[in-house]
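Heads up: the sequence shown is residues 4 to 295, going by our numbering.
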Amino acid sequence: MSSTDLTKLSAFLANGSTPRTPLPIDVHYLNGFKWNTIVSYNAAVKKFMKFKADKGEIPFALPATAEDIYQFCFWAGRNEFQQTTQEVKATTIEKYLYGIQAWHEYHSAQYPKETKTKVNTLLKSSAKVDAQVLTKPQKAVVHLKHLLILVDGLSGKGEKEEAIKDLVVTAFWGMARMAELTYKNDSGPIPKASSLLTSEVSPAQPDQRGVMNLTLRNAKTCAPGKTKEIQLRKLGMKLCPVEAVGRRLANAKGVDTSLFGFQANGKRHHLTRNVVVAAIKKVWADNNLEGL
């Protein structure tokens, strides 16, 4: 984990409200988590710190008290007595609590485990209020006709857009999550243990069946240290995922680097999730498809 990565985890690394520089053993511990997991834990801690700030209880140190946890659940969740800008769904609070527990473990502080029963009841109460709130409409499913529009909208725009085009074609046919194919940093070294590299393509040329495999090391559904295989098949059309991967391999010119990246201004650029999502949203907006 790089120093740049650590700056993105400042809340989680702090003991309460006091910043703390991680030791080598701390960094080793953090490397045991998937990046998305530890980032979500950091977001949970930031939410808890906002709660403490709103209560006027800064500075503070770990461990949190049982009353802190109860009040946090009430403050962050929906209830019948008040409406606030920070309220979230009960299921989100449950995820926050996992992050706060991990925060305590990282700092060798005792999380108040006696809160479990009462917290469950508090979250059930908030869930009842959640059910009365209109749910956000789900995004429409992306079909092949939408992929065609997306590819056409990205074609001929530049090296970055060409890389994004190949990524979305691969994601569509491989049924892969965006986070599994993108990178944390847009340039510089990338962690091989959790990134999709050109060396993770096997074979480099499709076999006699027209099959190519990608080994994902950052799959959401895999345990730490485990991998996920995506099988791609050659298709007789311009939306062929095997050809998309082949173009990325050619762009990398034999270097073991990001599969979904591109060369610009003499250096390698890696596609981040934010960059890819922004490009996709622009194409949808240009074609009146904002609901996707």
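In this text, a Cβ means the ideal position worked out from N, Cα and C, and glycines have one as well.
Keep in mind it's a predicted model, so treat the numbers as computed, not measured.
Counting Cβ pairs closer than 8 Å, one from the segment 113-130 and one from the segment 148-160, do we hit at least three?
Segments in contact, no.
Taking buried to mean at least 16 other C-beta atoms within 10 Å of its own C-beta, is Tyr101 buried or exposed?
Your numbering for residue 101 matches position 98 in the sequence shown. Answer is exposed; the Cβ neighbour count stays below 16.
Does DSSP put Arg251 in a helix, a strand or coil?
Within the sequence shown, the letter at position 248 stands for residue 251. Three-state result, Arg251: helix.
Taking the alpha carbon of Lys195 as the point to measure from, which residue in Lys285, Asn268 and Leu219 has its own alpha carbon closest?
Taking the first residue of the sequence shown as 1, we reach residue 195 at position 192. For the residues Lys285, Asn268 and Leu219, the minimum Cα distance to Lys195 belongs to Leu219.
Starting from the C-beta of Gln104, find all residues in its chain whose C-beta is less than 6 Å away, skip the five residues before and the five after it, and write them out in chain order.
Looking up residue 104 in the sequence shown gives position 101. These residues qualify, in order along the chain: Tyr114.
Using the three-state DSSP reduction, which class does Thr275 fall into: helix, strand or coil?
Within the sequence shown, residue 275 is the residue found at index 272, counting from 1. In the structure shown, Thr275 sits in a strand (DSSP, three-state: E or B).
Tell me which residue opens and which closes the beta strand (DSSP E) that Lys231 is part of.
The sequence position of residue 231 within the sequence shown is 228, counting from 1. Segment Lys231 to Arg236, the beta strand (DSSP E) holding Lys231.
Cα separation between Gly59 and Thr173?
Taking the first residue of the sequence shown as 1, we reach residue 59 at position 56. Taking the first residue of the sequence shown as 1, we reach residue 173 at position 170. Whole-angstrom Cα-Cα distance: 49 Å.
Could you compute how far the alpha carbon of Lys249 sits from the alpha carbon of Lys229?
Along the sequence shown, one-based indexing puts residue 249 at 246. Along the sequence shown, one-based indexing puts residue 229 at 226. The residue asked about is misnamed: residue 249 is Gly in this sequence, not Lys. Going by the C-alpha atoms only, they are around 25 Å apart.
Specify, as a first and last residue, the run of the beta strand (DSSP E) that Asn34 falls within.
Position 31 of the sequence shown, counted from the first residue, corresponds to residue 34. First-last for Asn34: undefined, no H or E at that position.
Taking buried to mean at least 16 other C-beta atoms within 10 Å of its own C-beta, is Tyr32 buried or exposed?
Translated into positions along the sequence shown, residue 32 becomes position 29. Under this definition Tyr32 is an exposed residue.
Quick check: Leu274 and Trp287, are their CB atoms within less than 8 Å of each other?
Against the sequence shown, residue 274 aligns to sequence position 271. Against the sequence shown, residue 287 aligns to sequence position 284. Against a cut-off of 8 Å, the Cβ pair of Trp287 and Leu274 comes out as no contact.
Could you name the residues of the same chain whose beta carbon sits closer than 7 Å to that of Val48, not counting the 5 residues immediately before and after it, in chain order?
Taking the sequence shown and counting its residues from 1, one reaches residue 48 at position 45. Ala14, Phe15, Gly102, Ile103 and Trp106, listed in sequence order.
Taking the beta strand (DSSP E) that Ala207 falls in, what are its first and last residues?
Stepping through the sequence shown from its first residue, residue 207 is reached at position 204. No beta strand (DSSP E) contains Ala207, which DSSP labels as neither H nor E.
Taking the continuous beta strand (DSSP E) assigned at Gln85, which residues delimit it?
Position 82 of the sequence shown holds residue 85. Looking at the DSSP string, Gln85 is not in any beta strand (DSSP E), and its letter there is neither H nor E.
Let me know if His272 comes out buried or exposed under the rule of 16 or more other beta-carbons within 10 Å of its beta-carbon.
Here residue 272 refers to the residue found at position 269 when the sequence shown is read from its first residue. Flag for His272 reads buried.
To the nearest angstrom, report how far apart Ser197 and Lys37 are at their CA atoms.
On the sequence shown, position 194 is the one that residue 197 refers to. On the sequence shown, position 34 is the one that residue 37 refers to. For Ser197 and Lys37, the distance between alpha carbons rounds to 8 Å.
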